[in-house]
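S.K.: Sequential numbering of the sequence shown, starting at 5, is according to my numbering.
Heads up, the beta-carbon is just placed ideally off N, CA and C, and yes, glycines get one too.
Below you will find the structure I want to go over with you.
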Amino acid sequence: MSIYVDIEKSYGTFHLSVQLDAGDETLALLGGSGSGKSLTLKCIAGIERPDRGSIVVDGVTLFDSERRIDLSPQERRTGLVFQNYALFPHMTVLENIRAGARREPDAKKRTDSVDRIVDRFGLGCLTGHTPAMLSGGQQQRVALARILVSEPRILLLDEPFSALDGHLRHRLEDELKQVIESFGKTVVLVSHNRREVFRLSDRIAVLEEGRVGAVGTREEIFRNPGTRSGAALTGCKNISRIRRKGDRLVEATDWGIDLFVDAELADDAEQKEYAGIRSHDIAWAGHANSGNPPENVYRFDVLDEIENPFSYTVILRAQGQSDAEPMQWDMDKPAWERIRTPSVDVCLPPMSILLLKK
Numbered sequence: 005m006s007i008y009v010d011i012e013k014s015y016g017t018f019h020l021s022v023q024l025d026a027g028d029e030t031l032a033l034l035g036g037s038g039s040g041k042s043l044t045l046k047c048i049a050g051i052e053r054p055d056r057g058s059i060v061v062d063g064v065t066l067f068d069s070e071r072r073i074d075l076s077p078q079e080r081r082t083g084l085v086f087q088n089y090a091l092f093p094h095m096t097v098l099e100n101i102r103a104g105a106r107r108e109p110d111a112k113k114r115t116d117s118v119d120r121i122v123d124r125f126g127l128g129c130l131t132g133h134t135p136a137m138l139s140g141g142q143q144q145r146v147a148l149a150r151i152l153v154s155e156p157r158i159l160l161l162d163e164p165f166s167a168l169d170g171h172l173r174h175r176l177e178d179e180l181k182q183v184i185e186s187f188g189k190t191v192v193l194v195s196h197n198r199r200e201v202f203r204l205s206d207r208i209a210v211l212e213e214g215r216v217g218a219v220g221t222r223e224e225i226f227r228n229p230g231t232r233s234g235a236a237l238t239g240c241k242n243i244s245r246i247r248r249k250g251d252r253l254v255e256a257t258d259w260g261i262d263l264f265v266d267a268e269l270a271d272d273a274e275q276k277e278y279a280g281i282r283s284h285d286i287a288w289a290g291h292a293n294s295g296n297p298p299e300n301v302y303r304f305d306v307l308d309e310i311e312n313p314f315s316y317t318v319i320l321r322a323q324g325q326s327d328a329e330p331m332q333w334d335m336d337k338p339a340w341e342r343i344r345t346p347s348v349d350v351c352l353p354p355m356s357i358l359l360l361k362k
């Protein structure tokens, strides 16, 4: 299976312009609120109509503005699972699932497929319940069962864990991962949660203000997100504007320090406006300033420390730079308790510096 999307749609001042494709894999659309993630899914499913462009799934054209093709949601066979699950409140679990199988004309086949999906999702003891009687996790399983019994061409998941309590998410992530693997076709997952995206996706498309800012494997996007917004979405807490000063040297103007960057990134520095470093990539330099220190070692004042269950977030500012933006440094709790000091030498390793577009 495969999907190809090249669409545009305007909503007032917001303009969606998305180009993406995927094969038999899970493609995650990662973006903040208002970036166009859910709107993209709705356009694929036929709930919203793009102003122009085309959408093709497994060789079947679902929408083409030039050829005037616009299949109905029922004809598209796209399995969209809404973030609130959108179960029919007046129907039982069994009736909700039967509603998903209504396209099958053969009554016996329809009954058999419903029975199989009920058994597969462990819903046998809940078939007489209405949605109001179910937990969030149970509602999610019913929503997935209702979609999958319809044998969709593609599975579209819109913030699948947003309606769930935090303690349920890990267990249900495992269940959803198994569903995705057994589905074996294209899955498009929408989320703003970078951890969910990393654990569930094969590739990631970062959406920023209605446009795809970067696309790559999950490892590529987290290693080098490419843009300031992409870095923030993937968890980078430290981002500064930069000015190039040499072949490998940039000035991080917000932090008040100069940084050497990795040689492989140096040629690209002229086109980048920001540098970032993840808080866990900052390293304690000990007494590195005496002798022959590694690159990017500076003394920072400790402004604050925030205690987490198993770590500290240490708030730093470059010494002597009273107007500089603070930085966050994540430290293992025993390690910070051992070295706790009002000022500390830290290293920002060149290989960990992200060079970013706006």
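Can you list, in chain order, the stretches of the alpha helix (DSSP H) that have 4 or more residues and sit fully within the region 56 to 143?
M.R.: 77 to 80, 97 to 104, 111 to 124
S.K.: Roughly how many angstroms separate the alpha carbons of GLN142 and ALA287, rounded to a whole number?
M.R.: 44 Å
S.K.: Report all residues from its chain with a CB closer than 8 Å to the CB of PHE92; omit the five preceding and five following residues, and keep chain order.
M.R.: GLU99, ASN100, ALA103, PRO135
S.K.: Leaving out five residues before and five after LEU352 in sequence, what residues of the same chain have Cβ atoms less than 7 Å from its Cβ?
M.R.: LEU263, ILE281, ILE286, ASN300
S.K.: According to the Cβ coordinates, are MET441 and SER315 closer than 8 Å?
M.R.: Residue 441 is absent from the structure shown; the chain starts at 5 and stops at 362.
S.K.: What I want to know is whether the C-beta of ILE101 ends up closer than 7 Å to one or more non-hydrogen atoms of the ligand SAH.
M.R.: You won't find the ligand SAH in this model; it holds no ligand whatsoever.
S.K.: Taking GLU155 as the reference, give the member of ARG124, ASP162, GLU108 with the closest Cα.
M.R.: For GLU155, the closest alpha carbon among the candidates ARG124, ASP162, GLU108 is that of GLU108.
S.K.: If I'm right that LEU31 touches LEU211 with Cβ under 8 Å, what's the distance once you round it to whole angstroms?
M.R.: Rounded to whole angstroms, the Cβ separation of LEU31 and LEU211 is 12 Å, and the two are not in contact under 8 Å.
S.K.: In terms of residues, what are the limits of the alpha helix (DSSP H) holding GLY280?
M.R.: Per DSSP, GLY280 lies in no alpha helix (DSSP H); the unbroken beta strand (DSSP E) holding it starts and ends at 278 to 281.
S.K.: What residue from ASP305, ALA90, LEU253 has the CA that sits closest to ALA149's CA?
M.R.: ALA90
S.K.: Give every residue of the same chain whose Cβ lies closer than 6 Å to the Cβ of LYS13, excluding the five residues on either side of it in the sequence, and list them in chain order.
M.R.: LEU20, PRO54, ASP55
S.K.: Under 8 Å Cβ to Cβ from GLN332, same chain only, skipping five residues before and after it: list those, please.
M.R.: LYS241, ASN242, SER283, THR317, VAL318, ILE319, LEU320
S.K.: Give the range of the alpha helix (DSSP H) segment to which TRP259 is assigned.
M.R.: That residue, TRP259, is in no alpha helix (DSSP H); it is neither H nor E in DSSP.
S.K.: Kindly identify the DSSP beta-bridge partner or partners of ARG248.
M.R.: VAL254
S.K.: Would GLY217 pass as an interface residue toward chain C - the criterion being a Cβ-Cβ separation below 8 Å?
M.R.: Of the protein chains in this structure there is only one, and it is not chain C.
S.K.: At which residue ranges does the region 301 to 327 contain complete beta strand (DSSP E) runs of 3 or more residues, listed in the order of the chain?
M.R.: 301 to 311, 315 to 322
S.K.: Using only the alpha-carbon positions, how far apart do ARG252 and ALA267 sit?
M.R.: 6 Å
S.K.: For VAL192 versus LEU45, is the C-beta distance shorter than 8 Å?
M.R.: yes
S.K.: Return helix, strand or coil for THR44, following the three-state DSSP convention.
M.R.: helix
S.K.: Since LEU176 contacts PHE187 with CB under 8 Å, what's their CB separation in whole angstroms?
M.R.: Contact doesn't hold; Cβ gap of about 16 Å is too wide.
S.K.: My output table needs one value for VAL146: the three-state DSSP class, helix, strand or coil.
M.R.: helix
S.K.: Look at the alpha carbon of LEU204 and the alpha carbon of GLY324, and state the distance between them as a whole number of angstroms.
M.R.: The alpha-carbon separation between LEU204 and GLY324 amounts to approximately 44 Å.
S.K.: How close, in whole Å, do the beta carbons of SER39 and GLY214 come, if the pair is a contact with beta carbons under 8 Å?
M.R.: 7 Å
S.K.: How many angstroms separate the CA atom of ALA256 from the CA atom of ILE48?
M.R.: 42 Å
S.K.: Excluding the 5 residues preceding and the 5 following ARG114 in the sequence, name in chain order all residues of the same chain whose CB lies nearer than 7 Å to its CB.
M.R.: ALA105, GLU108
S.K.: Going by the CB atoms, is the gap between GLU29 and ASP206 shorter than 8 Å?
M.R.: Result yes, Cβ atoms of ASP206 and GLU29 sit closer than 8 Å.
S.K.: So, is SER195 buried or exposed, given that buried needs 16 or more other C-beta atoms within 10 angstroms?
M.R.: buried
S.K.: Does DSSP put ARG207 in a helix, in a strand, or in coil?
M.R.: strand
S.K.: Going by the beta-carbon positions, is the gap between ILE208 and ILE184 smaller than 8 Å?
M.R.: no
S.K.: To the nearest angstrom, report how far apart SER2 and GLU70 are at their CA atoms.
M.R.: Because the chain here runs from 5 to 362, residue 2 falls outside it and cannot be looked at.
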